[in-house]
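Enquirer: In our numbering, the protein residues as written are 153 to 584.
Glycine included, each C-beta is placed from N, C-alpha and C at the ideal position.
After the structure tokens below, expect a handful of questions from me.
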Amino acid sequence: MADGDRMDAIVVGAGPAGVTAARELAGAGLAVVVLERGPYPGAKNVWGGILYHRPTEDLLPGYADQAPLERPIIEQRYQVLTDDALLGVTYRSQRFAEPPHNAYSVLRAEFDRWHAGTAEAAGAEVYPEFTVTDLLWEDGRVVGVTTGDPEGELYANVVVLADGANSLLAQKVGLHREWAPLEQALIAKELIALPPGTIEDRFNLPTGMGSALEIFGESTWGLLGYGFIYTNKESLSVGTGALLHDLIDSGRNVNDMLDRFKRHPAIAPLLAGGETVEYSAHLIPEGGYNRMPQVYADGVVVVGDAAGFVNPLNREGVNLAMLSGKFAAQAIAEATERDDFSAASLARYRELLDESIVIQDLYKIRNVTDFAHARPHLLRDYPALASDMAREYLSVDGLSKKEKQRKMARMARGLPKGRLLRDAVGALRALT
Ligand SMILES: Cc1cc2nc3c(=O)[nH]c(=O)nc-3n(C[C@H](O)[C@H](O)[C@H](O)COP(=O)(O)OP(=O)(O)OC[C@H]3O[C@@H](n4cnc5c(N)ncnc54)[C@H](O)[C@@H]3O)c2cc1C
């Protein structure tokens, strides 16, 4: 405790970012509490996903022996759907099947609960069922939080905002405005229960191993977004979603999108007979580097999704959230040594982020969303063209191979002149 009833730090939100910050702060000997609005950490974070091993191991050595993990992911499939077809590429590696595995499927409700225990073991106090409704201020600086009544006021040298996507509290500090529909995606997700053997048969998996599928095109009505299927031990995490802007613009909603995705003739057999045991919808920050908010002010820092640290291209959110929590804790520990919690002192947090893959990766992909959003044909016309060409190539129908080649070339020429080249160059520019 810094002095009297004042904590060294209060963390709002027990997701991966907040819990990591709390564990690192407690590990540095600081007094820290985590306030979580859910009945337990993870209760509100019901979506399943992929957890990358290496960054998690770096922060929590040996975690894989203790954490509730679902299946090691040995295979990644990228697929595109048209209304009646599916094309794709698969990468499966025996190396991914052997420890140390590259990634695991996880169920966040279980993982987050276990993860919060690691912060408690380090000395942090985690309080579920506390919703922080506002921040407390003194002389223009954040000095604590309130849960809405005088008894619920808590004071600290620094407040860590780890309250997830579109943080209302960061908006109250003036660190960012409400995100625009172009800066967030909305995803609907179901957990569909199936017996382990059925999952392994349908996805051609060795016992206990898992697969991750990312599916574009008709899975989202061609909107900028994706569908996914991740295999858990006894369930599938199945979801679809798109940029909020495109959903609003097209009048589509993610519930209908998910239902349609599940009914697609190439997807339905994978899910057949499964029982939906959970449904959730959630935002993903998509603003990236170009729209990143200020992440510190007097007495406060912002971590994880609240700061927009998501790399949608590589499906990395949890690892960036955890890393940002670690850097926030380091900056707060240094500020505590200086006894200076001003914005200038906490700017160290941004320095640490800048030196890390958090900012470096987000900078690298900073133009990808804008690039793809400006080209709505990418997820509509190209899948259709690729499917038509593949069908032509694979159909044995009396046409000579030469005639087939000509027919396929004519299909490609049906695109607006120069579009393919412009898109290829644009994609290269956005990615390099
Ligand atoms: C459908 C979907 C699939 C995803 N798949 C992946 C994936 O496969 N791999 C990956 O790495 N990332 C994935 N992500 C992104 C990833 O989930 C996030 O980047 C990550 O959870 C961010 O962690 P966080 O701690 O910042 O926020 P969160 O995990 O959102 O945690 C925020 C916490 O704060 C609590 N909270 C909010 N407001 C308050 C308040 N006022 N008072 C108290 N508590 C509060 C919430 O209850 C929650 O527990 C996915 C996201 C979605 C939506």
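(1) Please classify LYS569 as buried or exposed, where buried requires at least 16 neighbouring CB atoms within 10 angstroms.
(2) What does the alpha-carbon distance come out to for the pair MET153 and ASP398?
(3) Ordered along the chain, which non-local residues of its own chain (more than five positions away) have a Cβ less than 8 Å from that of VAL406?
(4) For the structure I just gave you, are there three or more beta carbon pairs, one from the region 315-335 and one from the region 422-433, closer than 8 Å?
(5) Should ARG229 be counted as a contact of ligand 1 given a C-beta to heavy atom distance under 8 Å?
(6) What three-state label does DSSP hand SER494 in the structure shown?
(7) By Cβ distance below 8 Å, which residues in the same chain neighbour ASN388 in space, the five residues on each side in sequence not counted?
(8) Any chance the region 498-515 sits against the region 550-569, with 3 or more Cβ pairs inside 8 Å?
(9) For a test of the three-state rule: what should DSSP assign to MET153, helix, strand or coil?
(10) Using beta-carbon positions only, say whether LEU471 and LEU203 come within less than 9 Å of one another.
(11) Is GLU468 near ligand 1, in the sense that its beta carbon is under 8 Å from a heavy atom of that ligand?
(12) Using DSSP's beta-bridge definition, name the partner residues of ASP286.
(13) For the beta strand (DSSP E) that contains ASN309, what are its first and last residues?
(14) With a threshold of 8 Å, establish whether the CB of HIS205 neighbours any heavy atom of ligand 1.
(15) Judging by CA-CA distance, which residue of GLY316, VAL294, GLU305 and ALA418 is the nearest neighbour of ARG354?
(16) Tell me whether GLY578 sits in a helix, a strand or coil according to DSSP, three-state version.
(17) Please state the DSSP three-state secondary structure of ARG158.
(18) With DSSP as the reference, label LEU422 as helix, strand or coil.
(19) LYS385 and PRO358 look like a contact to me (Cβ under 8 Å); what is the Cβ gap, rounded to whole Å?
(20) Report buried or exposed for GLY362, applying the criterion of at least 16 other Cβ atoms within 10 angstroms of its Cβ.
(21) Measuring only from the beta carbon, is GLU188 closer than 8 Å to any heavy atom that is part of ligand 1?
(22) Based on Cα-Cα distance, which residue from TRP199, ARG329 and GLY179 lies nearest to GLU430?
(23) Can you determine whether any heavy atom of ligand 1 sits closer than 8 Å to the C-beta of LYS414, and answer yes or no?
(24) Considering only C-alpha positions, which residue in the set ALA273, MET409, ARG223 and GLU438 is nearest to ALA174?
(25) Of all the options ASP217, ASN197, LEU435 and ALA481, which has the alpha carbon lying nearest to the alpha carbon of ALA183?
(26) Which one of MET159, ASP160 and PRO168 has the shortest CA to CA distance from GLY477?
(27) For the region 443-460 against the region 488-508, do three or more pairs of beta-carbon atoms, one drawn from each stretch, fall closer than 8 Å, so that the two count as touching?
(28) Pair every Cβ in the region 252-269 with every Cβ in the region 214-225, then say whether three or more of these pairs are closer than 8 Å.
(29) VAL297: buried (16+ other C-beta within 10 angstroms of its C-beta) or exposed?
(30) Tell me ILE225's beta-bridge partners as DSSP assigns them.
(31) For ligand 1, is there any heavy atom lying closer than 8 Å to the beta carbon of GLY393?
(32) Please give the ranges of any beta strand (DSSP E) in the region 474-560, keeping only runs that are unbroken, at least 3 residues long and fully inside the region.
(33) From the DSSP secondary-structure annotation, give me the bridge partner or partners of GLN231.
(34) Hey, could you find the ends of the alpha helix (DSSP H) LYS569 is sitting in?
(35) Alpha carbon to alpha carbon, how far is GLN336 from TYR501?
Expert: In brief:
(1) Your numbering for residue 569 matches position 417 in the sequence shown. Exposed, because fewer than 16 other Cβ atoms sit within 10 Å of the Cβ of LYS569.
(2) The residue labelled residue 153 in the question sits at position 1 within the sequence shown. The residue labelled residue 398 in the question sits at position 246 within the sequence shown. At MET153 the pLDDT is 42, less than 50, meaning the model places this residue with poor confidence and gives no usable figure here.
(3) Start at 1 with the first residue of the sequence shown, and residue 406 comes out as number 254. LEU338, ILE339, ALA340, THR392, GLY393, ALA394, LEU399 and ALA433.
(4) Because the criterion of three Cβ pairs below 8 Å is not met, the region 315-335 and the region 422-433 do not touch.
(5) Position 77 of the sequence shown, counted from the start, is the residue given in the question as residue 229. No.
(6) Here residue 494 refers to the residue found at position 342 of the sequence shown. DSSP, reduced to helix, strand and coil, places SER494 outside both helices and strands of the structure shown, so it counts as coil.
(7) As a position in the sequence shown, residue 388 is number 236, starting the count at 1. Rather than Asn, the amino acid found at residue 388 in this sequence is Leu. Excluding sequence neighbours, LEU388 sits near LEU343, ILE344, LEU346, ILE351, ILE381, TYR382, LEU422, LEU423 and GLY426.
(8) no
(9) In the sequence shown, the residue the question calls residue 153 occupies position 1. Model confidence at MET153 stands at a pLDDT of 42, short of 50, so the residue's coordinates are unreliable and nothing is read from them.
(10) Counting from 1 along the sequence shown, the entry for residue 471 is found at position 319. Counting from 1 along the sequence shown, the entry for residue 203 is found at position 51. A small correction: the amino acid at residue 471 is Asn; Leu does not occupy that position in the sequence shown. Yes; because the gap between Cβ atoms is below 9 Å, this pair is in contact.
(11) Reading the sequence shown from its first residue, position 316 is the one you call residue 468. It does: the Cβ of GLU468 is within 8 Å (strictly closer) of some heavy atom of ligand 1.
(12) Residue numbering aside, residue 286 sits at position 134 when the sequence shown is read from its first letter. Its beta-bridge partners are THR298.
(13) For this step, residue 309 is matched to residue 157 along the sequence shown. Note, ASN309: beta strand (DSSP E), 305-313.
(14) As a position in the sequence shown, residue 205 is number 53, starting the count at 1. HIS205: no, Cβ never under 8 Å from ligand 1.
(15) For the purposes of this step, residue 354 is taken as residue 202 along the sequence shown, with counting starting at 1. The candidate whose alpha carbon is nearest that of ARG354 is ALA418.
(16) Counting from one through the sequence shown, the residue named residue 578 turns up at place 426. Looking at GLY578 - three-state DSSP - the assignment turns out to be helix.
(17) Along the sequence shown, one-based indexing puts residue 158 at 6. The answer is strand: DSSP assigns ARG158 an E or B state.
(18) Residue mapping note: residue 422 aligns to position 270 of the sequence shown, counting from 1. It is helical.
(19) Indexing the sequence shown from 1 puts residue 385 at position 233. Indexing the sequence shown from 1 puts residue 358 at position 206. Your pair LYS385 and PRO358 does not check out as a contact, with CB atoms roughly 14 Å apart and the cut at 8 Å.
(20) The residue labelled residue 362 in the question sits at position 210 within the sequence shown. Flag for GLY362 reads buried.
(21) Within the sequence shown, numbered from 1, the residue matching residue 188 stands at position 36. Result yes, Cβ under 8 Å from ligand 1.
(22) In the sequence shown, residue 430 corresponds to position 278, counting from 1. Residue TRP199 is the option with its Cα nearest to GLU430.
(23) The residue labelled residue 414 in the question sits at position 262 within the sequence shown. Result no, Cβ not under 8 Å from ligand 1.
(24) Position 22 of the sequence shown, counted from the first residue, corresponds to residue 174. Taking only the C-alpha atoms, the option nearest ALA174 is ALA273.
(25) Counting from 1 along the sequence shown, the entry for residue 183 is found at position 31. The residue with the shortest Cα to Cα distance from ALA183 is ALA481.
(26) For the purposes of this step, residue 477 is taken as residue 325 along the sequence shown, with counting starting at 1. GLY477 has its Cα closest to that of PRO168, out of MET159, ASP160 and PRO168.
(27) yes
(28) yes
(29) Counted from its first residue, the sequence shown places residue 297 at position 145. With 16 or more Cβ atoms within 10 Å of its Cβ, VAL297 is classed as buried.
(30) Translated into the one-based positions of the sequence shown, residue 225 becomes position 73. The partner list for ILE225 (beta bridge, DSSP) reads GLY362.
(31) In the sequence shown, residue 393 corresponds to position 241, counting from 1. Because some heavy atom of ligand 1 lies under 8 Å away, the Cβ of GLY393 counts as near it: yes.
(32) none
(33) Taking the sequence shown and counting its residues from 1, the one referred to as residue 231 is at position 79. According to DSSP, which records beta bridges pairwise, GLN231 is partnered with GLY240 and ILE367.
(34) Stepping through the sequence shown from its first residue, residue 569 is reached at position 417. Per DSSP, LYS569 lies in no alpha helix (DSSP H) and is assigned neither H nor E.
(35) Within the sequence shown, numbered from 1, the residue matching residue 336 stands at position 184. Within the sequence shown, numbered from 1, the residue matching residue 501 stands at position 349. Approximately 24 Å between the Cα atoms of the pair.
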